[in-house]
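Residue numbers (this note's numbering), protein chains in the order written: chain W, 1 to 356; chain H, 357 to 712.
Rendered as structure tokens:
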């Protein structure tokens, strides 16, 4: 029988400080390191276990191999009143997309909507983080990205030409938590496959198939197959379109140009992302809109359920509950991940993590 | 054994003229009737059989019952440099969304992007028609709509609170036809269910289930069940978010407020739609972008296939091929639909259709 990994909990502040120390140790400026650490741990707080501190060893490996720029000159290369193209200068994705989101919010303040594309960026963690940034200014956020490795063939094909290219939407409510939909265009995100592998768990059928179309359930054999798109050709179509919008239009990588950043630590990824901010007040009074969203959430939640279903959930509800729980009780890290982080601490000569 | 319906072909010009005559007969101004007829028959040319002339009897019934305004005052009620909210005054959806698309294109010319929302509109046919409008000006188009009847419960629920809320994207290429993705957030669109019913065909398993979760394959029993969303909770999330963006934000119907326009010919539907136009030239030179899209299309099409797959297709490829074929050979109408149109001609005292 496989051993069930045990888990210990850590306060988010302690994890944030640890991540920041590690990033500073490999050359990032203090304020950049702190901002990235905050976003990475926010991913863990919201339950995106495949996109938070779990990614730290990989980020550090790439930085130390020279594959990411620790002091990027992030700059606007094209601009109108409502659009911009940002060059991330191969900086960490968290910094680059945060810059883009702030720019989009500022532009949408006047123009009503803003579409900001990014190139020369990198993996930035969960899509929801960035879609949620406009919420603070009573705006709706939309985020698109080209994934950081190709795991998906075109529909009917077997060559891995597409990534799981995710999309996220964030829409504010009044009393209720915001509606936050964060989804890969595949049935499962590749981060979830990595988490299963790291936990020594099998995947359910329907996540991946091999080159002959047979179910693939061992996450350690992930390279022998590919992820399945949602709705068959529809998910393939979405992955393709998001890749054209977030990659090709921005001069970022898409298709055969995408580097597998899980295997290659040195080649510039030229990751592309898009953030859209939409100013609610330019369409309707904000409070009335939020109250209406509350009402619709209630309609869904209080509707009749199929036999055996405990609760009708809204997108983002589970992540919000996880955020509340982990903010109070700490973030669980399993033994394997904890060991990885101990190795990071040893390698960089950092103060080690201590749990609750 | 069920009878297989026979089909005759009709030239698109003849069908357009017939639709226009019918709309004029129920009170629409000539130029509006012609514009609507052109869009409806374009739907048939592209193979959207559930959204073209098939809908004419229903539109006429609603108009004659007073459920749609034949002389609407379509107007802008909110506006910034890059956004607008359009009130369609309960006009036919084709006219209202066309107005919105033209406004979005004009705004995106300067602002780089434009987001135009619509309320007090109606069913407008296939999403692709409107997403494709910005293509002529070297822009990318995106279209979202609240469907005109609820056929989808929230995930885990059984109350029909959501429609199949579709999305469409259109992205231009240089030599290749544009990439046009037009998809409902359900495995099948409700229009396809109606087409199956009208043709006396069964639906495949996976399109619909009944209230107990059992497969429902008889399209004439469609009211006893509901459509399945793509990717389970993901498709539900998309339908919800598109409904909030195209409906709630615009002051249009969503959730319990949505009228089933298949059953109710008189109540104002207050349909909501969104059109986004994105100006490629504000990000990258247009011709280089289109050439790059051609190259990516080639990468997909020429990639290796699974055993038994004849061709890797791009979104919109099939519709483009159908458009070429039907433009040359005419649009096939089955006997049942032809009879419906004969009845329309009799009712309104119109010149009848004659086939090839």
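Backbone N, C-alpha and C define an ideal beta-carbon position, used for all residues, glycine too. Because the structure is a prediction, the values reported are computed rather than measured.
For residue i, does the three-state DSSP call read helix, strand or coil?
{"i": "residue 358/H", "result": "Below a pLDDT of 50, predicted positions are generally treated as unreliable, and residue 358/H, at 48, falls in that range; the measurement from the model is reported next regardless. Three-state result, residue 358/H: coil."}
{"i": "residue 402/H", "result": "coil"}
{"i": "residue 11/W", "result": "coil"}
{"i": "residue 345/W", "result": "helix"}
{"i": "residue 481/H", "result": "coil"}
{"i": "residue 476/H", "result": "strand"}
{"i": "residue 471/H", "result": "strand"}
{"i": "residue 97/W", "result": "helix"}
{"i": "residue 200/W", "result": "coil"}
{"i": "residue 376/H", "result": "helix"}
{"i": "residue 434/H", "result": "strand"}
{"i": "residue 175/W", "result": "coil"}
{"i": "residue 541/H", "result": "coil"}
{"i": "residue 302/W", "result": "coil"}
{"i": "residue 495/H", "result": "strand"}
{"i": "residue 564/H", "result": "strand"}
{"i": "residue 226/W", "result": "strand"}
{"i": "residue 71/W", "result": "coil"}
{"i": "residue 105/W", "result": "helix"}
Here's the rule: buried if 16 or more other CB atoms are within 10 angstroms of the residue's CB, otherwise exposed. What is residue i?
{"i": "residue 1/W", "result": "Note that residue 1/W scores a pLDDT of 42, beneath 50, so its modelled location is shaky; the value from the coordinates is reported in the next line. Residue 1/W comes out exposed."}
{"i": "residue 9/W", "result": "exposed"}
{"i": "residue 48/W", "result": "buried"}
{"i": "residue 421/H", "result": "exposed"}
{"i": "residue 593/H", "result": "buried"}
{"i": "residue 626/H", "result": "buried"}
{"i": "residue 107/W", "result": "buried"}
{"i": "residue 309/W", "result": "exposed"}
{"i": "residue 686/H", "result": "buried"}
{"i": "residue 351/W", "result": "exposed"}
{"i": "residue 335/W", "result": "exposed"}
{"i": "residue 552/H", "result": "buried"}
{"i": "residue 113/W", "result": "buried"}
When the distance is taken between beta carbons, is residue j closer than 8 Å to residue i?
{"i": "residue 146/W", "j": "residue 272/W", "result": "yes"}
{"i": "residue 192/W", "j": "residue 50/W", "result": "yes"}
{"i": "residue 528/H", "j": "residue 534/H", "result": "yes"}
{"i": "residue 388/H", "j": "residue 451/H", "result": "yes"}
{"i": "residue 409/H", "j": "residue 371/H", "result": "yes"}
{"i": "residue 656/H", "j": "residue 161/W", "result": "yes"}
{"i": "residue 46/W", "j": "residue 168/W", "result": "no"}
{"i": "residue 426/H", "j": "residue 384/H", "result": "yes"}
{"i": "residue 209/W", "j": "residue 586/H", "result": "no"}
{"i": "residue 472/H", "j": "residue 636/H", "result": "no"}
{"i": "residue 124/W", "j": "residue 164/W", "result": "no"}
{"i": "residue 700/H", "j": "residue 509/H", "result": "no"}
{"i": "residue 23/W", "j": "residue 43/W", "result": "no"}
{"i": "residue 319/W", "j": "residue 180/W", "result": "yes"}
{"i": "residue 333/W", "j": "residue 7/W", "result": "yes"}
{"i": "residue 185/W", "j": "residue 242/W", "result": "yes"}
{"i": "residue 435/H", "j": "residue 467/H", "result": "no"}
Which chain W residues sit within Cβ distance under 9 Å of residue i?
{"i": "residue 662/H", "result": "153, 156, 157, 158, 211, 212, 213"}
{"i": "residue 543/H", "result": "231, 232, 234"}
Mind listing the chain H neighbours of residue i? Cutoff is C-beta to C-beta under 7 Å, in chain order.
{"i": "residue 46/W", "result": "What residue 46/W touches in chain H: nothing, since even the nearest Cβ is about 16 Å away."}
{"i": "residue 224/W", "result": "Neighbours of residue 224/W on chain H: none; closest Cβ ~15 Å, over 7 Å."}
{"i": "residue 169/W", "result": "597"}
{"i": "residue 237/W", "result": "537, 539, 671"}
Please list, in chain order, the chain W residues whose beta carbon lies closer than 8 Å to that of residue i.
{"i": "residue 659/H", "result": "153, 154, 157, 158, 159, 161"}
{"i": "residue 610/H", "result": "296"}
{"i": "residue 604/H", "result": "289, 292, 293, 296"}
{"i": "residue 655/H", "result": "161, 255, 256"}
{"i": "residue 583/H", "result": "None at all; the shortest Cβ gap to chain W is about 12 Å."}
{"i": "residue 665/H", "result": "156, 157"}
Chain W partners of residue i, CB-CB under 7 Å?
{"i": "residue 590/H", "result": "183, 230"}
{"i": "residue 627/H", "result": "None at all; the shortest Cβ gap to chain W is about 16 Å."}
Which chain H residues are close to residue i, counting only those with a beta carbon under 9 Å from its beta carbon?
{"i": "residue 113/W", "result": "436, 438, 439, 467, 469, 470, 471, 632"}
Please list the residues of the stretch 278-296 of chain W that have a C-beta atom closer than 9 Å to any C-beta atom in chain B, keeping them in chain order.
Absent from the structure: chain B. Protein chains present are W and H.
How do the stretch 81-90 of chain W and the stretch 603-614 of chain H stand: do at least 3 beta-carbon pairs fall below 8 Å, yes or no?
In short, these stretches do not touch, since the Cβ pair count stays below three.
Determine, using beta-carbon pairs with one atom in the stretch 152-159 of chain W and one in the stretch 560-570 of chain H, whether at least three such pairs fall under 8 Å.
Output reads no: the stretch 560-570 of chain H does not touch the stretch 152-159 of chain W.
Across the stretch 485-494 of chain H and the stretch 632-646 of chain H, are there enough close Cβ pairs to call them in contact, namely three or more that are closer than 8 Å?
In this structure the stretch 485-494 of chain H touches the stretch 632-646 of chain H; the number of beta carbon pairs closer than 8 Å is three or more.
Cβ contact (3+ pairs, closer than 8 Å) linking the stretch 373-380 of chain H and the stretch 660-677 of chain H:
The stretch 373-380 of chain H, when compared against the stretch 660-677 of chain H, does not touch it at the 8 Å Cβ threshold.
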